[in-house]
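Residue numbers (my numbering), protein chains in the order written: chain A, 1 to 104; chain B, 1001 to 1104; chain C, 2001 to 2104; chain D, 3001 to 3104. Think of the CB as a built atom: it goes at the ideal place given N, C-alpha and C, for glycine as much as any other residue.
Protein chains: 4
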Amino acid sequence: MSEIGHNTGGIAADRLRSIVERIERLSEEKDALATDIREVYAEAKSAGLDVKVLRQLIRERRQDAAEIEERETLLEVYRRALGMLAETPLGEAAVARETRRRVA
Amino acid sequence: MSEIGHNTGGIAADRLRSIVERIERLSEEKDALATDIREVYAEAKSAGLDVKVLRQLIRERRQDAAEIEERETLLEVYRRALGMLAETPLGEAAVARETRRRVA
Amino acid sequence: MSEIGHNTGGIAADRLRSIVERIERLSEEKDALATDIREVYAEAKSAGLDVKVLRQLIRERRQDAAEIEERETLLEVYRRALGMLAETPLGEAAVARETRRRVA
Amino acid sequence: MSEIGHNTGGIAADRLRSIVERIERLSEEKDALATDIREVYAEAKSAGLDVKVLRQLIRERRQDAAEIEERETLLEVYRRALGMLAETPLGEAAVARETRRRVA
DNA sequence: ACTGAAGGCTGCCCGC
DNA sequence: GCGGGCAGCCTTCAGT
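Structure (structure tokens):
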């Protein structure tokens, strides 16, 4: 309490100020991007696209991407579980087989 | 149908592709910013700040800004409701008086 | 599964029926009220009132009420953030002072 | 302007007051019902029901009801189109036949 | 009929 | 892991 500058619960006011400003700055950029996205959708609409379907499409693509990501992660887990085996041709074959099984 | 390139409901595939890519690109940037914001909050937390209160503070500041905006809009509505009256010196004085009252 | 009556995912059909009926009953009443409100606006309009301004007025009054509520909540958040301080006479004075400042 | 009481754009303040109060009263009741509905959904949830599916069910039932309503209206249109014919036994038979055809 | 806003629903993120 | 809280999306309705 006797230090130079105000403080807030033991936090220097400058630190707080910095944090608030950074958050607000980032939020503004985020909002600007949201606006941009909305504008692209508007453009799509005036080009005759069905916005609802378009959103669905984007959602599905995002989902697909996430699943690929997921598969990659899983594959890595298996690789580690199999140990160095995965580094050999035989091990790779085993991993590939397992992957096919999971996908099917 | 005999044009070059596929089309989808009369929309050129290239046009659709462009739109999808732009949306996805913008969304990625938006998500990145969301991540950044989360990180700043995490930093704030580990600096000893009460994140809930911090969020409240940010919300409040944003709200205040929005309210100023709102007041402007509101004033315009009232001005229109007062009709041409607002176009006269007397009317302007009335509007100005009302504005002061509301702001105080 | 061997109990009397059908069931749906472990839920007694009667229970489900009761829930659905209650929701539908309440929804009907809600819709009826929406209709009543619309009628009052119509009456206001044919009495020469500017409906747009009237809606704005109602919104404003609601907003004001909500803000008072909000302030109470906010105060509570701050109080908690101040911790046990608020439980002491000095702390209470500080909270009261802050409240006066915010309201003014 | 020289009447007793204030006025607002030629509308008696009492009239305005009455309208505002009625709207606010009705809105409160409407909000209360919305809360009740939310509570029933909450109850359904804690009874193990899938709220999303439940909402879908309610929506479908509402839709069905609207379609029956629609059919009734349509039937009435046909009746009128058939004129007094509908008042005779032969006409009723024709209407009944038409109705069966539509439902099938 | 279209547009723009208001309210309700859904999916996500945080805290427990 | 879950349940509550919050932001974004969708739907509906008033207005033009």
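Asked                                                                                                                                                     : Found
Quick check: the Cα distance between I68 of chain A and A96 of chain A, rounded to an integer number of angstroms?                                        : 15 Å
Does the region 1058-1077 of chain B come close enough to the region 70-80 of chain A that 3 or more CB-CB pairs lie under 8 Å?                           : no
Unbroken alpha helix (DSSP H) runs of length 4 or more, entirely within the region 1015-1082 of chain B: which are they?                                  : 1051-1081
Let's test the definition: count the other Cβ atoms within 10 Å of the Cβ of A3044 of chain D and tell me whether it reaches 16, buried, or not, exposed. : buried
Closest Cβ-Cβ distance between V1077 of chain B and chain C: below 7 Å?                                                                                   : yes
Against chain C, does M3001 of chain D count as a neighbour if the rule is that its beta carbon must be under 7 Å from one of theirs?                     : Unreliable placement is indicated for M3001 of chain D, whose pLDDT of 44 sits below 50; the coordinate value is still reported in the next sentence. No, its Cβ sits nowhere closer than 7 Å to a Cβ of chain C.
Chain A beta carbons: is any one of them nearer than 7 Å to that of D1036 of chain B?                                                                     : yes
Please classify L3090 of chain D as buried or exposed, where buried requires at least 16 other C-beta atoms within 10 Å of its C-beta.                    : exposed
Taking beta-carbon pairs under 8 Å, can you tell me which members of the region 1040-1072 of chain B lie near chain C?                                    : D1050, K1052, V1053, Q1056 and E1060
Since L1033 of chain B meets chain A, which of its residues come closer than 9 Å, beta carbon to beta carbon?                                             : L26, S27, E29, K30 and L33
Taking the Cβ atom as the reference point for each residue, do K2030 of chain C and L3026 of chain D lie within a distance shorter than 7 Å?              : no
Under 9 Å between beta-carbons, which chain B residues line up against V95 of chain A? List them in chain order, please.                                  : Correct list: empty, because the minimum Cβ distance to chain B is about 30 Å.
Using only CA atoms, which one of D:E3028, D:S3018, D:R3017 and D:R3022 lies nearest to A2066 of chain C?                                                 : D:E3028
Less than 7 Å between the beta carbons of I23 of chain A and V1051 of chain B, yes or no?                                                                 : no
Where does T3088 of chain D fall in DSSP's three states?                                                                                                  : coil
Identify the contact partners of R3022 of chain D in chain C, using a Cβ-Cβ distance below 7 Å as the criterion.                                          : V2040
Could you tell me which chain D residues have their CB closer than 9 Å to the CB of D2015 of chain C, listed as they occur along the chain?               : The identity of residue 2015 of chain C in the sequence shown is Arg, whereas the question assumes Asp. Near R2015 of chain C (Cβ distances below 9 Å), the residues of chain D are A3044, A3047 and L3049.
Have a look at D:R3015, D:D3014 and D:E3098 and flag the residue whose alpha-carbon is nearest the alpha-carbon of R2959 of chain D.                      : This structure cannot settle anything about residue 2959 of chain D, because the visible part of chain D is limited to 3001 through 3104.
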